[in-house]
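Peer 1:
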Amino acid sequence: MEEFALLTEAWEALTGASRSARPPGGARVRTVGYATGGEERRGPVTMGQANMIRCMLRDEPEHINIHDVWPVPVGTTEDAAVEALRTLAVRHEALRTTFPHTAGTAPREQVVATGGTFTVTVLDHADLPDDPAGYADAVARGARAERFRLDRDFPLRVRLVARSGAPAFAAVAASHAVTDVGALAVLKEEWLDLLAGETLPPPVSLTPLALAAEEAAPAGLRRSAASLRHWERIIRTEPQAMFAEPGAEGTDVPTPQLTLRSRRGSRALARVAERTGGLPSTVLLTAWCALVAHRADQPTCVAAVPTSNRYHPRLARSVNTLSQDALLSLDVRVPTFDALLKKAWGAALNAYRHSQFDAVALWEMIGEATRERGSRFARDVVFNDVSTLPPTVGALTSPAGPDDGRDESDKGGDGPGGLDLRWGPGQVLPTRVLTFVHAIEPELHLAAWLDPALFSTEQSEAFLTGLVRLLEAAAEDDVPLDSLTEVTGVGPVDRGPDWHRVDGSWTSPPLVARTLSEALRGLPVHVTAGPPGPDDGPAEGGGLTAYVAAGDRALTPAAAHTALMDALPGRPGVLAPRRYVIVHRPPAEADRTSAWLRQQILRKGTGRDRDVT
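Numbering (our numbering), first residue to last: 6 to 618.
#1: With DSSP run on the structure shown, which of helix, strand or coil describes G610?
#2: Based on Cα-Cα distance, which residue from F441, I240, F104 and V127 lies nearest to R378?
#3: Tell me, please, whether the region 160–173 touches the region 280–290 by the rule of three or more beta-carbon pairs shorter than 8 Å.
#4: So, using beta-carbon positions, are Q361 and S510 closer together than 8 Å?
#5: Could you check the C-alpha separation between A138 and A524 for me, to the nearest Å?
#6: With a 10 Å radius around its C-beta and 16 neighbouring C-beta atoms as the bar for buried, classify Y316 as buried or exposed.
#7: At the level of alpha carbons, what is the spacing between A188 and R427?
#8: Measuring straight from C-alpha to C-alpha, what distance separates D363 and R603?
#9: Can you name the start and end residues of the beta strand (DSSP E) that S465 belongs to?
#10: Which residue spans inside the region 288–340 form an unbroken beta strand (DSSP E) run of at least 3?
#11: The beta strand (DSSP E) with L265 in it runs from where to where?
#12: Taking a contact to mean a Cβ-Cβ separation below 8 Å, would you say W75 touches V177 in this structure?
#13: Closest to T126 by CA distance: which of A555, A148 and H566 is it?
#14: Quick one, are the C-beta atoms of L367 and W236 less than 8 Å apart?
#15: Given a threshold of 16 other Cβ atoms within 10 Å of its Cβ, counted over all protein chains shown, does L205 qualify as buried or as exposed?
#16: Taking 8 Å as the threshold, find out whether the region 573–589 comes into contact with the region 510–522 through three or more Cβ pairs.
#17: Report the rounded CA-to-CA distance for G496 versus L263, giving the unit in angstroms.
#18: DSSP state of Q54, grouped into three classes?
#19: Taking only the alpha-carbon atoms, compute the straight-line gap between L455 and T291 and give it to the nearest angstrom.
#20: Specify, as a first and last residue, the run of the beta strand (DSSP E) that F441 falls within.
#21: Given a threshold of 16 other Cβ atoms within 10 Å of its Cβ, counted over all protein chains shown, does V77 qualify as buried or as exposed?
#22: Taking contact to mean 3 or more Cβ pairs, one atom from each stretch, closer than 8 Å, check whether the region 203–221 and the region 103–114 are in contact.
#23: What first and last residue would you give for the beta strand (DSSP E) that runs through V117?
#24: Taking 8 Å as the threshold (C-beta atoms), are A253 and A458 in contact?
#25: Tell whether a beta-carbon distance below 8 Å holds between P304 and G501.
#26: Look at P430 and T256 and say whether their C-beta atoms are less than 8 Å apart.
#27: What's the call for P160, buried or exposed, on a 16-neighbour Cβ count within 10 Å?
#28: Enumerate, from N- to C-terminal direction, the unbroken beta strand (DSSP E) stretches of 3 or more residues contained entirely within the region 58–117.
#29: Pull up the DSSP beta-bridge partners for V125, would you.
#30: Where does the unbroken alpha helix (DSSP H) through G147 begin, and where does it stop?
#31: What residues in its chain sit with their C-beta under 8 Å from that of D156, if we drop five residues either side in the sequence?
#32: I'd like the span of the beta strand (DSSP E) that includes L549, first residue to last.
#33: What does DSSP give as the partner residue(s) for L367 in the beta ladder?
#34: If you reduce the DSSP assignment to three classes, tell me which class V177 lands in.
#35: Go ahead and pull the three-state DSSP assignment for R603.
#36: In its own chain, which residues sit with a C-beta less than 8 Å from the C-beta of N314, not counting the 5 before and 5 after it?
Given below as structure tokens:
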């Protein structure tokens with residue numbers, strides 16, 4: 006297998022592992038059949054499936070597929086490990102589910118088979134590398150790189166890593182269309198129980214088809230509609246991007262990992278929770294939001310907070326993809342940390358309550374709302390608290406993998422200054438700030454990816470250090486939020502005089518003008534921020550006004566708006582004008598709004614429809 010040879014060569018280059026660690030003859034593939042009896046079943050996809058399928062069709066497989074490493078108990082035979090996998094395939098409908106569809110379309114139906122086959126690749130070594138778990142993780146990550154074919158593939162890609170015929174690890178890559186990290190945790194637990202000789206109780210959680218039926222019922226449709234209203238309010242009124250500022254460019258940003266481990270931070274977090282009566286997880290979220298909003302100079306912290314949606318007993322152990330984004334909007338315009346903590350509990354609960362939605366309808370709404378607003382939903386800030394998940398499951402959710410490179414002797418102790426900060430490998434991410442919380446006790450352990458165009462090495466380290474300092478200050482007493490710079494050492498960004506807050510978002514009129522000019526193939530453009538002119542109707546409102554010298558081109562406001570909207574991805578500081586004014590020629594003083602106002606107007610309008618005046 007060529008991909009396995011490349012993987013082992015890369016592993017040897019990175020670790021200096023001996024070539025004797027390679028399995029003799031490469032890899033061996035076993036085909037496993039299974040049958041359940043009964044009849045094939047069909048039905049609509051669930052909301053979670055539709056959401057993940059959309060991502061799978063759009064994103065690179067290594068970014069959307071997930072993986073885990075399952076340790077094999079000593080004494081387990083290869084046949085026993087394979088037989089346990091067969092039992093799981095029979096037990097869980099999700100593992101027998103495919104999604105038929107025609108090329109170029111997204112599946113809307115799922116099919117549950119009564120039987121079929123899957124393969125297990127056995128990688129048998131004379132000896133394993135010094136870090137066998139890390140090697141198995143690399144094998145699992147390599148298996149993520151190939152797309153799962155939704156209409157035919159078994160959703161688990163299993164590599165049994167063995168030493169002299171004895172399985173040591175199962176390296177598992179999984180399709181996100183039918184599994185999430187919670188589902189993988191259930192499968193891992195049941196697989197280990199089977200290997201221990203235990204009899205599994207009958208499944209009690211909803212199957213994907215049963216969940217789809219509930220979602221299509223009136224109560225499920227009402228929940229989805231309420232979620233869309235929650236998202237729409239935020240999309241239409243809150244900042245289009247938290248980090249709209251100079252230097253923020255691109256949609257896929259190479260970002261290094263920075264890991265914080267601190268007993269000092271954990272102790273402070275516990276004391277804040279004791280002093281205020283708040284949950285530690287909510288306290289940490291509050292401190293993180295306060296610092297993010299302070300650094301970004303935003304009145305609201307808007308963040309995607311992924312949730313497992315497993316709070317109902319009938320879903321707790323469901324093998325299905327249930328996780329969806331909760332969209333948090335926390336107004337930080339309160340005087341103190343304690344006041345913000347009280348608001349954060351309600352804001353988080355409201356976000357989690359509205360995290361079950363029809364993904365297709367959601368993105369249709371986002372497209373319509375952002376076109377009308379003239380914005381682009383960035384999802385540039387993500388906070389993922391996996392501290393309540395089992396350690397291995399928490400590790401597999403993170404882009405970083407299972408560890409941060411420390412020896413066991415290093416773990417648990419603070420470094421210089423009472424905390425340990427370590428840089429790790431980079432990832433290409435569609436975010437500006439991504440944070441994974443792995444543990445809150447006995448040490449605060451989190452990994453962060455901060456856009457290096459916005460945060461230098463020193464500023465990234467200062468940001469995480471500032472988070473610990475804020476927790477320590479709040480552990481002693483309530484903290485005035487206007488003292489965050491002094492308390493944390495983190496100050497708000499200085500955007501410069503060209504930036505203005507317009508319609509709830511930071512934007513730069515000169516940047517908008519340059520972007521619109523480029524989108525219109527070099528036409529002269531002038532953009533101004535301010536109140537509407539005396540002849541503007543109430544529907545046009547304030548905000549930005551763009552003046553475009555079209556020359557002899559038959560340019561309309563709608564065409565100008567469409568061109569600019571197409572150019573918005575990767576430009577969080579660009580907000581579309583509320584009004585487009587088309588003139589024939591630019592004035593001699595092209596940098597003066599008053600000069601543009603004296604030009605003969607050919608057409609004007611919002612660009613949001615076909616009507617022009």
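Beta carbons are placed, not taken as given, at the ideal position from N, Cα and C, and that holds for glycine.
Peer 2: On the basis of the coordinates in this document:
#1: Here G610 carries a strand assignment [DSSP, helix/strand/coil].
#2: Of F441, I240, F104 and V127, the residue nearest in Cα terms is I240.
#3: The region 160–173 vs the region 280–290: no contact.
#4: Not in contact: Q361 and S510 (Cβ atoms no closer than 8 Å).
#5: Taking C-alpha positions only, A138 is separated from A524 by approximately 50 Å.
#6: Counting Cβ neighbours within 10 Å, Y316 comes out exposed, since fewer than 16 surround it.
#7: Cα to Cα, A188 sits roughly 31 Å from R427.
#8: Distance between the alpha carbons of D363 and R603 is about 49 Å.
#9: Where S465 is concerned, there is no enclosing beta strand (DSSP E), although the alpha helix (DSSP H) around it starts and stops at T462 to E481.
#10: Counting only runs of at least 3 residues, the region 288–340 fully encloses the following beta strand (DSSP E) elements, listed from N- to C-terminal order: 305–312 and 329–336.
#11: It spans V258 to S267 - the beta strand (DSSP E) in which L265 sits, taken as one unbroken run.
#12: Cβ distance < 8 Å, so W75 and V177 count as in contact.
#13: That would be A148, whose Cα lies nearest to the Cα of T126.
#14: L367 is a Cβ neighbour of W236, given a cutoff of 8 Å.
#15: L205 comes out exposed.
#16: By the Cβ test, the region 573–589 is in contact with the region 510–522, since at least three Cβ pairs between them sit closer than 8 Å.
#17: Cα to Cα, the separation comes out at about 20 Å.
#18: Of the three classes helix, strand and coil, the one that applies to Q54 here is helix, per DSSP.
#19: Cα to Cα, L455 sits roughly 19 Å from T291.
#20: First-last of the beta strand (DSSP E) with F441: V438 to A444.
#21: Of the other Cβ atoms in all chains shown, 16 or more fall within 10 Å of the Cβ of V77; this residue is therefore buried.
#22: Using a C-beta cut-off of 8 Å, the region 203–221 makes no contact with the region 103–114, since fewer than three inter-stretch Cβ pairs fall below that distance.
#23: Its beta strand (DSSP E) spans residues E114 to V117.
#24: Yes.
#25: No, Cβ-Cβ distance for P304 and G501 is not below 8 Å.
#26: Contact flag unset, no.
#27: Buried.
#28: Annotation: the region 58–117 contains the following complete segments of the beta strand (DSSP E) (minimum length 3 residues), in chain order: 71–76 and 114–117.
#29: Answer is R35 and V163, bridged to V125.
#30: P137 to R149 is the extent of the alpha helix (DSSP H) around G147.
#31: Only T103, F104, P105, H106 and P112 meet the Cβ criterion.
#32: L549 to A554 is the span of the beta strand (DSSP E), which, as asked, contains L549.
#33: Bridge partners of L367: none, in fact.
#34: If DSSP states are grouped into helix, strand and coil, V177 belongs with the strands.
#35: In the displayed model, R603 falls within coil according to three-state DSSP, outside both helix and strand.
#36: Cβ within range, chain order: G53, L320, L327, S328, Q329, S360 and Q361.
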